[in-house]
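Asks:
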Amino acid sequence: MDMLAVELGPLSLANPILTASGTFGGSDEMADFFDLSRLGAIVLKTVTLHPRRGNRPPRVAETPFGMLNSIGLPNGGIDYFIENQLPVLREIPTTRVVNVAGDTVDQFIEGVRRLDAAGGMDAFELNISCPNVEGGRLPFGSDPKVTEVLVRGVRGVTDLPLIVKLSPNVTDVVVIAQAAAAGGADVLSLINTLLGMAIDPRTKRPKLGSNFGGLSGPAIKPVAVKMVWEVSRSVDLPVIGIGGIRDVDDVIEFLLAGASAVQVGTANYLEPTVIPRLLDELPPRLEELGVSQVTDLIGAVRPFEEI
Ligand SMILES: Cc1cc2nc3c(=O)[nH]c(=O)nc-3n(C[C@H](O)[C@H](O)[C@H](O)COP(=O)(O)O)c2cc1C
Numbered sequence: 001m002d003m004l005a006v007e008l009g010p011l012s013l014a015n016p017i018l019t020a021s022g023t024f025g026g027s028d029e030m031a032d033f034f035d036l037s038r039l040g041a042i043v044l045k046t047v048t049l050h051p052r053r054g055n056r057p058p059r060v061a062e063t064p065f066g067m068l069n070s071i072g073l074p075n076g077g078i079d080y081f082i083e084n085q086l087p088v089l090r091e092i093p094t095t096r097v098v099n100v101a102g103d104t105v106d107q108f109i110e111g112v113r114r115l116d117a118a119g120g121m122d123a124f125e126l127n128i129s130c131p132n133v134e135g136g137r138l139p140f141g142s143d144p145k146v147t148e149v150l151v152r153g154v155r156g157v158t159d160l161p162l163i164v165k166l167s168p169n170v171t172d173v174v175v176i177a178q179a180a181a182a183g184g185a186d187v188l189s190l191i192n193t194l195l196g197m198a199i200d201p202r203t204k205r206p207k208l209g210s211n212f213g214g215l216s217g218p219a220i221k222p223v224a225v226k227m228v229w230e231v232s233r234s235v236d237l238p239v240i241g242i243g244g245i246r247d248v249d250d251v252i253e254f255l256l257a258g259a260s261a262v263q264v265g266t267a268n269y270l271e272p273t274v275i276p277r278l279l280d281e282l283p284p285r286l287e288e289l290g291v292s293q294v295t296d297l298i299g300a301v302r303p304f305e306e307i
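Residue numbers (this note's numbering): 1 to 307.
Set out below in structure tokens:
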């Protein structure tokens, strides 16, 4: 077996490095930078049942060791996606993951049903960090009951692997992870962005047009590693670690914490070829560490005993 190959529940990937939704385009926009067949999997920007315009600009702001965004999931809607992006996606020779969101549980279900019928993807990732319009605008992923109902509903309309992407903006991420598992998730991915705000002292205006947004980048990595550690110990599903990855030891850290694979997001903006660089650096780094298979690292952290 290839030293980098990993199993993510029903998915077999050539390597553990995936793109993070929203940071790598909606089909093959990044193909000019490197051969996309190198990706462990491509995860596309969120699509929603209906078209969305996104949020008022400015939509991004730099912060120390990270960035805030309030993009607001602009996209042409699922029918547009099926007609214009899916044919391009079908030609990308790697595992293809379509990330889906909705304003209501029914929109998630209908969206996945239509995509599944169209075919051409290998898995779905559910972005449950968006607000639930029927539930007082709290994110779906902040309520375990809603999470379970949503995942079970989507499970009923597709046989493809279901990755449920968890929000860190909760009191106990393990409870939400367990709810996603109970609803029939195959894989969990975490974390989405952490809520944050930045204000310009001269104008007294928030730096984002929607006042606050989501924090990403190296600043959030320790939060993500801790959540991956606790979720992977408590839930019997493979986990994809996300948050601030830009170097090969960041990848290794997430694997040690219990992730079976990782997604790279914000780093793509600084270095569009970060993923092929990490793929080049990973095998020699594994050799240096005396590891023959990347899977040997998964969950191999040696936590201190509680005293
Ligand atoms: C500009 C931007 C847009 C994003 N858009 C999406 C999105 O459409 N859907 C989604 O599930 N996550 C989205 N994310 C969250 C990322 O996929 C990822 O979970 C998060 O940024 C943490 O990883 P990172 O620190 O490597 O960026 C977005 C992040 C950024 C920075």
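Glycine residues also receive a C-beta, built at the ideal position from the N, C-alpha and C atoms.
#1: State the start and end residues of the unbroken beta strand (DSSP E) segment that holds L162.
#2: Got a sec, what are the start and stop residues for the alpha helix (DSSP H) M227 sits in?
#3: If you measure between the beta carbons of F212 and T158, is that distance less than 9 Å?
#4: May I have a chain-ordered list of the beta strand (DSSP E) segments no shorter than 3 residues that lie completely inside the segment 129 to 165?
#5: Starting from P206, follow its DSSP beta bridges and name the residues at the other end.
#6: How about G48 and V264: are their beta carbons less than 9 Å apart?
#7: Can you list the alpha helix (DSSP H) stretches of 4 or more residues lying completely in the segment 77 to 102, in chain order?
#8: Count the other C-beta atoms from every protein chain shown that fall within 10 angstroms of the C-beta of S21, then say buried if there are 16 or more, exposed otherwise.
#9: Keeping to the same chain, check which residues put their C-beta closer than 8 Å to that of S234; ignore five residues upstream and five downstream.
#10: Are the CB atoms of I191 and S167 within a distance shorter than 9 Å?
#11: Name the DSSP beta bridge partners of V187, please?
#12: Is the segment 64 to 77 touching the segment 203 to 218 in the sense that three or more CB pairs, one from each, lie closer than 8 Å?
#13: Report yes if the CB atom of S210 is closer than 9 Å to the CB atom of N75, and no otherwise.
#14: Can you tell me whether DSSP reads T295 as helix, strand or coil?
#15: Starting from F390, follow the alpha helix (DSSP H) in both directions and report where the run begins and ends.
#16: Taking just the CA atoms, how far does M3 sit from S292?
#17: Give me the Cβ distance between V223 and V154, rounded to the nearest whole Å; I'm assuming they're in contact under 8 Å.
#18: Helix, strand or coil, according to DSSP, for A20 in the structure here?
#19: Are there any heavy atoms of ligand 1 lying less than 8 Å away from the beta-carbon of A267, as far as the coordinates show?
Replies: Walking through what the data contain:
#1: Reading the sequence shown from its first residue, position 162 is the one you call residue 162. Segment 162 to 165, the beta strand (DSSP E) holding L162.
#2: As a first step, residue 227 must be located in the sequence shown, where it is residue number 227. Segment 221 to 234, the alpha helix (DSSP H) holding M227.
#3: On the sequence shown, position 212 is the one that residue 212 refers to. On the sequence shown, position 158 is the one that residue 158 refers to. The answer is no: Cβ separation not under 9 Å.
#4: 162 to 165
#5: The count along the sequence shown starts at 1 and reaches residue 206 at position 206. In DSSP, P206 forms a bridge with I199.
#6: Position 48 of the sequence shown, counting from 1, holds the residue named residue 48. Position 264 of the sequence shown, counting from 1, holds the residue named residue 264. A small correction: the amino acid at residue 48 is Thr; Gly does not occupy that position in the sequence shown. No, they are not a contact pair.
#7: 86 to 90
#8: Here the question's residue 21 lines up with position 21 in the sequence shown. Under this definition S21 is a buried residue.
#9: Reading the sequence shown from its first residue, position 234 is the one you call residue 234. These residues qualify, in order along the chain: V174, A177, Q178.
#10: Counting from one through the sequence shown, the residue named residue 167 turns up at place 167. Counting from one through the sequence shown, the residue named residue 191 turns up at place 191. The answer is yes: Cβ separation under 9 Å.
#11: On the sequence shown, position 187 is the one that residue 187 refers to. In DSSP, V187 forms a bridge with I163.
#12: Yes: the two stretches touch, three or more of their Cβ pairs being nearer than 8 Å.
#13: Locating residue 210 in the sequence shown gives position 210, counting from the first residue. Locating residue 75 in the sequence shown gives position 75, counting from the first residue. Not a contact, by the Cβ cut-off of 9 Å.
#14: In the sequence shown, counting from the first residue as 1, residue 295 sits at position 295. Taken through DSSP and simplified to helix, strand or coil, T295 comes out as helix.
#15: Residue 390 is absent from the model: the chain starts at 1 and stops at 307.
#16: The sequence position of residue 292 within the sequence shown is 292, counting from 1. The sequence position of residue 3 within the sequence shown is 3, counting from 1. Taking the straight line joining both Cα atoms gives about 6 Å.
#17: Position 223 of the sequence shown, counting from 1, holds the residue named residue 223. Position 154 of the sequence shown, counting from 1, holds the residue named residue 154. Wrong, their Cβ atoms sit about 27 Å apart, outside the cutoff.
#18: As a working note, residue 20 is residue 20 in the sequence shown. Residue state, collapsed to three classes: coil.
#19: Here residue 267 is taken as the residue at index 267 of the sequence shown, counted from 1. At least one heavy atom of ligand 1 is nearer than 8 Å to the Cβ of A267, so yes.
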